[in-house]
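From first to last, the protein sequence lines stand for chains A and B. Going by this note's numbering, the first sequence runs without a break in its numbering and finishes at 208. Going by this note's numbering, the second sequence runs without a break in its numbering and finishes at 1208. For glycine and all other residues, C-beta sits at the position ideal for the given N, C-alpha and C. Everything on this sheet refers to the single structure shown next.
Number of protein chains: 2
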Amino acid sequence: MNNPAGNAAMSQRTPFNKPKTARGEATKKAILSAAERVIGARGYNDASIGQITSEAGVAQGTFYIYFKTKEEVFSELVLEMGRLVRHTISDATQAISNRLEAEQAGLTAFLEFVQAHPDLYRIVQEAQFVDPDAYREYYSAFAEGYRSGLTEAARDGQISQGDPDTRAWALMGIARALGEQIVVFGNKAPITDLVDTAYDLIANGLKP
Amino acid sequence: MNNPAGNAAMSQRTPFNKPKTARGEATKKAILSAAERVIGARGYNDASIGQITSEAGVAQGTFYIYFKTKEEVFSELVLEMGRLVRHTISDATQAISNRLEAEQAGLTAFLEFVQAHPDLYRIVQEAQFVDPDAYREYYSAFAEGYRSGLTEAARDGQISQGDPDTRAWALMGIARALGEQIVVFGNKAPITDLVDTAYDLIANGLKP
DNA sequence: TCGAAACATGAATACTGATTCATGTTTCAT
DNA sequence: ATGAAACATGAATCAGTATTCATGTTTCGA
Chain A
1 MNNPAGNAAM SQRTPFNKPK TARGEATKKA ILSAAERVIG ARGYNDASIG QITSEAGVAQ
61 GTFYIYFKTK EEVFSELVLE MGRLVRHTIS DATQAISNRL EAEQAGLTAF LEFVQAHPDL
121 YRIVQEAQFV DPDAYREYYS AFAEGYRSGL TEAARDGQIS QGDPDTRAWA LMGIARALGE
181 QIVVFGNKAP ITDLVDTAYD LIANGLKP
Chain B
1001 MNNPAGNAAM SQRTPFNKPK TARGEATKKA ILSAAERVIG ARGYNDASIG QITSEAGVAQ
1061 GTFYIYFKTK EEVFSELVLE MGRLVRHTIS DATQAISNRL EAEQAGLTAF LEFVQAHPDL
1121 YRIVQEAQFV DPDAYREYYS AFAEGYRSGL TEAARDGQIS QGDPDTRAWA LMGIARALGE
1181 QIVVFGNKAP ITDLVDTAYD LIANGLKP
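This is the structure:
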């Protein structure tokens, strides 16, 4: 879609209609939460406003007090997922100075998060088609943090040399694929097993 | 004799309404090709039957001579992508007995394919939401081939030990992420650069 | 306490777009 | 050469659902 007046440092996307009262705050939260469940379960297009408001226990028109369109509630969910998952991983890796250890801890935290929030995970994936801008923002913010971490680690000799951008995408691809195993394919293997194998691959490669 | 439901090991999904004449064959091909372009460009939901038939140069009703529903044409495109991409990679790796070399060649072939067929690539990704069964079939067929190759290579000592399933998903995740860079994020880096970095990671890992 | 702003309702609107169908036209085996 | 099957047409149908709106109800600061 169009991005008029695209300020570079614009992180916030027009958070209008902020509720003014506690009651409104609660209602908006209820709608967002219902939307997460309904859209996560049925997908964006099969989820109707009626289902969402009914699940939230409010009238259909109430939806439009807090969201301008159906797409807007979706975007907010993608934003929320971005904040939550970055926060989660940051928490899990903050204290770890060794990059490879941080890699392992971050991957574990990510997989635990998606296991706990499968609806949010699916929504982010679907954003690729429903709201490409939100998807790009989510993904780019992630990649940027990853890249700078890898650059630093390579400078400090903690890891070998190699293009940090490509490496960041590859590592994110691994995390995504394992997350998909859990959420989409219903893989029941313990997360530690997945992480152990993946970490060995990331650290040592396939060579004998 | 020509029993359409004949073969025992047929996991294929009812390829009914096969055209009976050359004319019909050509029309169906035109619709499929138009659908690939229109759905690839606008996404499944924003693509209308009218756009597809108009692009194909036939009347709207003609669509339903060859496809029972809108979803059916989508499924056929996913199937086609699966066939094409497996064939492409198989061709590129057939003659290579060393697994690591095959990995490199296969990744290159895959990325070249998605660069040449961005519409098909997007359609497969969207299948996750539009036709989960088709998506699962596509992905599983891929993973199975991957896994058996890794199992063999580990047995022969060409690569180190490690759970082949998890490794297969991780490697597919890398390939997908790089494909997405090219198709979705418009990354213009030469494929060989991407492959060089990714291959080094796959072969040697991040350890210094 | 009061009234203006915020919030809530749900029926009515408005529009899109998939699918059908009655009616022609073309193909091809005989 | 011929007629039955296959193919083609595009206007009409039909259902779903996002969004609006006129009308209440609740909140909360002054």
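Problem set entry | Selected residue, minimal CA-CA separation from residue 139 of chain A, among A:207, A:121, A:59 and A:152 | Of the candidates A:207, A:121, A:59 and A:152, the residue whose Cα lies closest to the Cα of residue 139 of chain A is A:121.
Exercise. Is the number of C-beta pairs between the region 1110 to 1124 of chain B and the region 1082 to 1102 of chain B that are closer than 8 angstroms three or more?
Worked result: Three or more beta-carbon pairs drawn from the region 1110 to 1124 of chain B and the region 1082 to 1102 of chain B are found closer than 8 angstroms, and the two stretches are therefore classed as touching.
For this session: Spell out whether any CB of chain B is found under 7 angstroms from the CB atom of residue 160 of chain A.
Result: Yes, its Cβ sits closer than 7 angstroms to a Cβ of chain B.
For this session: Please look up how many angstroms separate the CB atoms of residue 178 of chain A and residue 1170 of chain B, rounded, as I've assumed it's under 8 angstroms.
Result: A Cβ-Cβ separation of about 7 angstroms places residue 178 of chain A in contact with residue 1170 of chain B under the 8 angstroms criterion.
Exercise. For the region 60 to 73 of chain A, which residues have a beta carbon sitting closer than 7 angstroms to at least one beta carbon of chain B?
Worked result: Listed by position along the chain: nothing, the set is empty.
For this session: Go through its chain and collect everything with a Cβ distance to residue 1052 of chain B's Cβ below 6 angstroms, but skip five positions before and after it.
Result: Spatial neighbours of residue 1052 of chain B in its own chain (CB-CB distance under 6 angstroms, excluding positions within 5 residues in sequence) are listed in chain order as 1034, 1035 and 1038.
For this session: Measure the C-alpha to C-alpha separation of residue 1040 of chain B and residue 1118 of chain B and round it to an integer number of angstroms.
Result: The alpha-carbon atoms of residue 1040 of chain B and residue 1118 of chain B are separated by roughly 8 angstroms.
Exercise. Given a limit of 7 angstroms on CB to CB distance, which residues of the region 99 to 116 of chain A reach chain B?
Worked result: Under the 7 angstroms Cβ criterion, the region 99 to 116 of chain A contributes 100.
Exercise. Closest by CA to residue 1124 of chain B, which one among B:1023, B:1022, B:1027 and B:1183?
Worked result: Out of B:1023, B:1022, B:1027 and B:1183, B:1183 has the C-alpha closest to the C-alpha of residue 1124 of chain B.
For this session: Output yes or no for whether 7 angstroms exceeds the beta carbon distance between residue 18 of chain A and residue 66 of chain A.
Result: No, the pair does not count as a contact, with Cβ atoms beyond the cut-off.
Problem set entry | chain A contact residues for residue 1206 of chain B, given Cβ-Cβ distances below 7 angstroms | Chain-order list of chain A residues neighbouring residue 1206 of chain B: 100, 159, 160, 202 and 203, by C-beta distance under 7 angstroms.
Exercise. So, do the region 191 to 200 of chain A and the region 1148 to 1167 of chain B have three or more beta carbon pairs nearer to each other than 8 angstroms?
Worked result: Flag = yes, the region 191 to 200 of chain A and the region 1148 to 1167 of chain B touch.
For this session: Determine the extent of the alpha helix (DSSP H) in which residue 1082 of chain B is found, giving its start and end residues.
Result: Taken as a continuous stretch (DSSP letters only), the alpha helix (DSSP H) holding residue 1082 of chain B covers 1070 to 1093.
Problem set entry | Residue nearest to residue 1071 of chain B in terms of C-alpha spacing, selected from B:1056, B:1083, B:1049 and B:1059 | Distance from the Cα of residue 1071 of chain B is smallest, within the candidate group B:1056, B:1083, B:1049 and B:1059, for B:1049.
For this session: Counting only the same chain and skipping the five closest in sequence on each side, list residues whose C-beta sits under 7 angstroms from that of residue 5 of chain A.
Result: The predicted model places residue 5 of chain A with a pLDDT of 30, which falls under 50 and marks its position as unreliable; any figure quoted below should be read in that light. So no residue of the chain qualifies.
Problem set entry | Nearest residue (CA-CA) to residue 168 of chain A, options A:22, A:154 and A:83 | Checking every option, the nearest Cα to that of residue 168 of chain A belongs to A:154.
Exercise. Does DSSP classify residue 1204 of chain B as helix, strand or coil?
Worked result: It is helical.
Exercise. Taking the Cβ atom as the reference point for each residue, do residue 1054 of chain B and residue 1134 of chain B lie within a distance shorter than 7 angstroms?
Worked result: Residue 1054 of chain B is not a Cβ neighbour of residue 1134 of chain B, given a cutoff of 7 angstroms.
Exercise. What number of angstroms, rounded off, separates the C-alpha of residue 56 of chain A from the C-alpha of residue 1061 of chain B?
Worked result: Annotation: residue 56 of chain A to residue 1061 of chain B spans about 41 angstroms, alpha carbon to alpha carbon.
Exercise. The alpha helix (DSSP H) with residue 1173 of chain B in it runs from where to where?
Worked result: Run containing residue 1173 of chain B: 1164 to 1183, per the alpha helix (DSSP H) assignment.
For this session: Hey, could you find the ends of the alpha helix (DSSP H) residue 106 of chain A is sitting in?
Result: Here the alpha helix (DSSP H) through residue 106 of chain A covers 99 to 116.
Problem set entry | Residue from A:132, A:115, A:174 and A:128 whose Cα sits closest to the Cα of residue 190 of chain A | Scanning A:132, A:115, A:174 and A:128 for the CA closest to the CA of residue 190 of chain A turns up A:115.
For this session: Assign residue 100 of chain A to buried or exposed, taking buried as 16 or more other Cβ atoms, counted over all protein chains shown, within 10 Å of its Cβ.
Result: Residue 100 of chain A should be labelled buried.
Exercise. When burial is assigned at 16 or more other CB atoms within 10 Å of the CB, is residue 1021 of chain B buried or exposed?
Worked result: The residue in question, residue 1021 of chain B, is exposed, as its Cβ has fewer than 16 Cβ neighbours within 10 Å.
Exercise. Where does residue 1044 of chain B fall in DSSP's three states?
Worked result: Secondary structure at residue 1044 of chain B: coil, using DSSP grouped into helix, strand and coil.
Exercise. Got a sec: which bits of the region 123 to 144 of chain A sit with their beta carbon under 7 angstroms from any beta carbon on chain B, in order along the chain?
Worked result: Taking a C-beta cut-off of 7 angstroms against chain B, the contacting residues of the region 123 to 144 of chain A are 125, 126, 128 and 129, listed in chain order.
For this session: Rounded to whole angstroms, what's the CA-CA distance from residue 201 of chain A to residue 1176 of chain B? Just pull it up for me.
Result: Within the model, the alpha-carbon separation for residue 201 of chain A versus residue 1176 of chain B is close to 17 angstroms.
Problem set entry | residue 23 of chain A - DSSP class collapsed to helix/strand/coil | Correct three-state label for residue 23 of chain A: helix.
Exercise. Can you tell me the Cα-Cα spacing of residue 149 of chain A and residue 96 of chain A, whole angstroms?
Worked result: Going by the C-alpha atoms only, they are around 12 angstroms apart.
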